[in-house]
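Written out below as structure tokens is the structure these notes cover.
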Ligand code: PLP
């Protein structure tokens, strides 16, 4: 590489038709994505040089785009190509790859009309970082049921991916203040929803249950539900009360940024022997083994970096 060649080793981004090193990827202050959190996104991971469930992430991204009436003017095929290229440029074999669309800057100065904006498409690949640190996953995460409820789905549809995290962030501060790793939120009727960047599951007998409300339809959640039958487990999408949570045999969380992540405590309840439960651990091991076996994997073409 010559001295003047861009350095993509910390990550590569696509913005406004140009590929730039991640440190140069910046949002203008007038973009409604910044001023009104008027943005949607999705994140897919790459392990061993291959995307996991890329098509599921693209499908969900399009659902979010439609739900928020965002149209970045980029086709699904073009998005797939750009996502491949940011990974190829970075050279990363294990990465998080984000796709975003912001409302953009109004064409008419000062306009408050969302129709006056040209929506953007941004993509980037960065090195992998787990939502819950690997050493915490090993001992089982300690979760706090936050006192702040999840924002009503009538105000914010949780199945459309968004950055409106004020409730999660308040919950995380509360969890940290009280010595927990992270927070999970109930809805205003007291049913379990999700946490900051992950879905939640409880295990009761052979049932593996995840909330039917107030949560993103996670791609990792889908993988867990898919894997249950072959492990002799019954996947259930249903309501979970606080008492169900306390009465569960095991609890785990699930996200692209970490996979299946076992928990060992919720509030003052300690599950099993204060370590990841056997079913959570089996699901975690199976999830990662399936990656190695090529389940839903799409190889990145690293030669694209040259084009
Ligand atoms: N819930 C929320 C609020 C999230 O932000 C995420 C992922 O970022 C998830 C759940 C997990 O979804 P996925 O498994 O598709 O990453």
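In the working numbering, the protein residues as written are 625 to 931. The C-beta atom is built at its ideal place from N, Cα and C for all residues, glycine as well.
Query                                                                                                                                   : Result
Residue 634 versus residue 717: straight-line alpha-carbon distance, rounded                                                            : 12 angstroms
Alpha carbon of residue 698 to alpha carbon of residue 745, nearest angstrom                                                            : 7 angstroms
Nearest-angstrom Cα separation, counted from residue 684 out to residue 625                                                             : Low local confidence applies: a pLDDT of 47 at residue 625 is under 50, so the model's placement there is unreliable, with the coordinate-based value given in what follows. Near 37 angstroms, if we compare the C-alpha coordinates of residue 684 and residue 625.
C-alpha gap between residue 657 and residue 759, whole angstroms                                                                        : 34 angstroms
Stretch-stretch touch, CB-based, cutoff 8 angstroms, three pairs: the segment 876 to 889 with the segment 844 to 857                    : yes
Residue 897 versus residue 889: straight-line alpha-carbon distance, rounded                                                            : 10 angstroms
Residue 719 - containing beta strand (DSSP E), residue span                                                                             : 719 to 726
Residue 903: first and last residue of the uninterrupted alpha helix (DSSP H) it sits in                                                : 902 to 917
Reference residue 928, options 675, 630, 705 and 670, closest by Cα                                                                     : 705
Near ligand 1: residue 907 beta-carbon under 7 angstroms from a heavy atom                                                              : no
Contact between the segment 686 to 693 and the segment 707 to 722 (3+ Cβ pairs under 8 angstroms)                                       : no
Segment limits, beta strand (DSSP E) that includes residue 889                                                                          : 883 to 890
Cut-off 6 angstroms between Cβ atoms - residues of its own chain near residue 726, not counting five sequence neighbours on either side : 655, 657, 663 and 744
The segment 796 to 805 touching the segment 822 to 840, judged by at least three CB pairs closer than 8 angstroms                       : no
Residue 778 versus residue 837: straight-line alpha-carbon distance, rounded                                                            : 11 angstroms
Own chain, CB closer than 8 angstroms to residue 577, minus 5 neighbours either side, in chain order                                    : Nothing about residue 577 can be read from this structure; the chain reaches only from 625 to 931.
DSSP three-state assignment for residue 804, whether helix, strand or coil                                                              : coil
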